[in-house]
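For reference, each letter of the sequence shown is one residue, going 763 to 1289 in the numbering used here.
We treat Cβ as the ideally placed atom computed from N, Cα and C, and that holds for glycine.
Step one of this worksheet: look at the structure below.
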Amino acid sequence: MRIVCDTMEEIKGKDLYWSGNKKAKNMKKATLYIDKHFIVGEVDKRIYGSFIEHLGRAVYEGIYQPNSPFADEQGMRKDVIALIRKLNVPVVRYPGGNFVSGYHWEDGVGPKENRPEKIDLAWNVIESNQFGLNEFVDWTKKAGTSPMMAVNLGTRGVEDAKNIVEYCNLKGGSYYSDLRKKHGYEQPHDIKLWCLGNEMDGPWQMGHKTAQEYGRSAAEAGRIMKMVDPTIELVACGSSSLMMPTFGSWEGTVLSECYDQADYVSLHQYYGNQEDNTAEFLANTVAMDQFISSVISICDAVKAKRRKQKTINLSFDEWNVWYHSMEQDQKLERWCKAPHQLEDVYNFEDALLVAGMMITMLRHADRVKVACLAQLVNVIAPIMTSDTGAWMQTIYHPFALISNYGRGTVLHTLVDAPVYESRHGDASYLDAVCIMDEEQETLTIFAVNKDLQETMELNCDLRQFEGYQMQEHIVLTHEDVKAVNTQEHPDNVAPTADGNAKVEDGKLTAVLCDKSFHVIRLGKKQK
Ligand code: AHR
763 MRIVCDTMEE IKGKDLYWSG NKKAKNMKKA TLYIDKHFIV GEVDKRIYGS FIEHLGRAVY
823 EGIYQPNSPF ADEQGMRKDV IALIRKLNVP VVRYPGGNFV SGYHWEDGVG PKENRPEKID
883 LAWNVIESNQ FGLNEFVDWT KKAGTSPMMA VNLGTRGVED AKNIVEYCNL KGGSYYSDLR
943 KKHGYEQPHD IKLWCLGNEM DGPWQMGHKT AQEYGRSAAE AGRIMKMVDP TIELVACGSS
1003 SLMMPTFGSW EGTVLSECYD QADYVSLHQY YGNQEDNTAE FLANTVAMDQ FISSVISICD
1063 AVKAKRRKQK TINLSFDEWN VWYHSMEQDQ KLERWCKAPH QLEDVYNFED ALLVAGMMIT
1123 MLRHADRVKV ACLAQLVNVI APIMTSDTGA WMQTIYHPFA LISNYGRGTV LHTLVDAPVY
1183 ESRHGDASYL DAVCIMDEEQ ETLTIFAVNK DLQETMELNC DLRQFEGYQM QEHIVLTHED
1243 VKAVNTQEHP DNVAPTADGN AKVEDGKLTA VLCDKSFHVI RLGKKQK
């Protein structure tokens, strides 16, 4: 990879070199341009969603472990719930993932002693069904979140999709709503957001389909689900990733079939650093940005072709780093219960990319309305558990900070910073976005300095934010990009509130150390 602008001459040539401070010779310079009238859109809080699948130890030993000293009366892990509450996750997708495409939700409701043990062909394990739909809904209330439920359009279809909505959302007076009552749930669950299957383009998916087949099935399932409850919203499956050979044509065909029923189309993407090239790895935000723009274009092309008023928005309902555990998972025995599967141990560079991915989605807040960090506990997750405790992985921190502080209106954030060449094209050394909350009179900047060696001076003219003061400058950095958090050393990678940002004469300046994530919080009131 060639670094563009890596010499002073090049940087000077681009007028990006700051000469005011001799010590800052190796400092890059970046400027953010914002205008409070140039708005991308409101942050839909569901952009901070996550995902729990019946997979590995996500459910069993993750959120549910009746024999644990941390369990409540229902068997839910209280220590995990406490960590999830701090993440501030408004929606959690469930029960899969690949798992849902072979799932019979009826197996997981009613008296536990009657629930069957079944094989799960998505992950080659035995599913005990001791945790199911009703337990999940109970758990979401305890964890301060809400369910995003997926229906099985793999081995099942329209009939099953109708029944589960009836079971969950009708008051009573019908077979399935009365069955829910019989199971001890008098009030409807009132689940508002539903996925029409999962990754139906993938040959690994049980009952996978062509775009035409899936589009028809999604349209019919969606039509009947909305007949049962017209207040629900539906997510149609987009491609399983940008790399699928059918990407683009899949979205076009599927949306042509189910445009009237769907409200969102899904995007899924995981990144890995298999080549151990951190700069390339962090440049994946460019790829993600292009992916989002492409899907928006396809949605709007179908809208134009079909002369529709309605706009299809995006549900980025699986995103994360995933690669650390893949080799290990090849060695797993078949037909065990809740194995250690997809247990990626995340390092500091993963946390930087997670921050960058969240910034990228926020920059598209006008169209990305739902997003789910995949997943939440033990399985490619920010939270890990053992029998003796729960701890935060490195990626927990950027997620928690952005989820907690990234609420309000996203401003078009023009980033003028040096770039480097990557396999996805020019990658800015700085990923950044500004979010304003007019009511609270706050302005928050999220920024990642991707430079692995050099600090960066950040400038932003705040003339439209008269009287705004520095409230807090939180920094997440580590000298070793491979540093991890473990149960023994849970705070090895953790944020500190010791950033140096300052506001003077209506101008913000901050020095961002190399390889670092920043939350700069400004407001009219002193904190
Ligand atoms: O999140 C892990 C798996 O990744 C999901 O089950 C599937 O949808 C995707 O391929």
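Mapping the DSSP letters down to three states, classify K1099 as helix, strand or coil. coil
Who are the Cβ neighbours of N886 in its own chain at under 6 Å, not counting the five residues just before and after it? R1096
Between which two residues does the beta strand (DSSP E) containing K791 stretch? If you look at K791, you'll find it in the beta strand (DSSP E) that goes K790 to Y795.
If you run the structure through DSSP and keep just helix, strand and coil, what is S1278? strand
With hydrogens ignored, establish whether the beta-carbon of G859 is closer than 7 Å to any heavy atom of ligand 1. Within 7 Å of the C-beta of G859 there is at least one heavy atom belonging to ligand 1.
Within the present structure, is the beta-carbon of A1133 separated from the nearest heavy atom of ligand 1 by less than 7 Å? no
Does the beta-carbon of G709 have 16 or more other beta-carbons within 10 angstroms, so that it is buried, or is it exposed? With the chain covering 763 to 1289 only, the question about residue 709 has no answer from this structure.
Assuming the contact rule is C-beta atoms closer than 8 Å, T1156 and N1247 should be a hit. Round their C-beta distance to whole Å, please. The beta-carbon distance between T1156 and N1247, rounded to whole angstroms, is 6 Å. This is short enough to meet the 8 Å contact definition.
Would you kindly work out how many angstroms separate the C-alpha atoms of I1282 and I1236, rounded to a whole number? 6 Å
Is any heavy atom of ligand 1 found at a distance shorter than 7 Å from the C-beta of R1136? Note on identity: in this sequence residue 1136 is Ala, with Arg being the wrong assignment. A1136 Cβ: within cutoff of ligand 1.
Rounding to the nearest angstrom, what Cα-Cα distance links E804 and P873 in this structure? 43 Å
Threshold first: 3 residues or longer. Then list the beta strand (DSSP E) segments lying entirely within the region 873-945, N to C. 880-882, 887-889 and 909-913
Length of the line joining the Cα atoms of H1251 and M1120: Roughly 26 Å separates the two Cα atoms.
Check whether the region 1061-1074 and the region 1109-1123 touch, using three or more Cβ-Cβ pairs below 8 Å as the test. no
Could you compute how far the alpha carbon of V860 sits from the alpha carbon of A884? Here residue 860 turns out to be Asn, not Val, going by the sequence shown. The straight-line gap from Cα to Cα measures roughly 6 Å.
Please confirm whether T793 and D1051 have their CB atoms less than 8 Å apart. Taking 8 Å as the cut-off, the Cβ atoms of T793 and D1051 do not count as close.
So, Y1085 versus Q1137, is the Cβ gap smaller than 8 Å? No, they are not a contact pair.
V1172: buried (16+ other C-beta within 10 angstroms of its C-beta) or exposed? buried
Spell out a yes or no on whether the region 837-853 and the region 895-910 are touching, meaning 3 or more CB-CB pairs, one atom from each, closer than 8 Å. yes
Those runs of the alpha helix (DSSP H) which lie wholly inside the region 1142-1197 and span at least 4 residues: 1158-1167
Measure the CB-CB distance between E1080 and C1134 and report whether it falls below 8 Å. yes
E889: which of H1240, C1098 and H1174 sits nearest, CA to CA? C1098
I need the boundaries of the alpha helix (DSSP H) containing I814, first residue and last residue. No residue range can be given for I814, since it is assigned to no alpha helix (DSSP H) and is classified by DSSP as neither H nor E.
Leaving out the 5 sequence neighbours to the left and right, which residues in its chain are closer than 7 Å to N783 when beta-carbon positions are compared? Unreliable positioning characterises N783 in this predicted model, as indicated by a pLDDT of 35, which lies under 50. A coordinate reading is not provided.
Taking Cβ positions, are L1270 and N1221 nearer each other than 8 Å? yes
Nearest-angstrom Cα distance between H1240 and L1214? Going by the C-alpha atoms only, they are around 11 Å apart.
Could you check whether the region 896-905 touches the region 1104-1114, counting it as contact only if at least three pairs of C-beta atoms, one from each stretch, sit closer than 8 Å? no
Report the residue ranges of all beta strand (DSSP E) runs contained in full by the region 1211-1286; include only those spanning at least 3 residues, in chain order. The qualifying runs are 1218-1223, 1231-1239, 1264-1266, 1269-1274 and 1278-1285.
Inspect the CB distances between the region 974-989 and the region 1028-1042 and report whether three or more fall short of 8 Å. no
In or out: R764 buried (at least 16 other Cβ within 10 Å) or exposed? Confidence in R764 is poor, its pLDDT being 27 and thus under 50, which makes the residue's placement too unreliable to answer from.
Where in the region 942-1005 do unbroken runs of the alpha helix (DSSP H), each at least 4 residues long, occur, reported from the N-terminal end onward? 973-990
Supposed contact pair E815 and G858 - C-beta distance, whole angstroms, cut 8 Å: 4 Å
Is the beta carbon of I1142 less than 8 Å from the beta carbon of D1106? yes
Out of D1149, E1200 and L1163, which one is the CA nearest neighbour of A833? Nearest to A833 by alpha-carbon distance, out of D1149, E1200 and L1163, is D1149.
With burial defined as no fewer than 16 other Cβ atoms inside 10 Å of the residue's Cβ, what is the status of D797: buried or exposed? exposed
Identified DSSP bridge partners for T1204: D1199 and G1285
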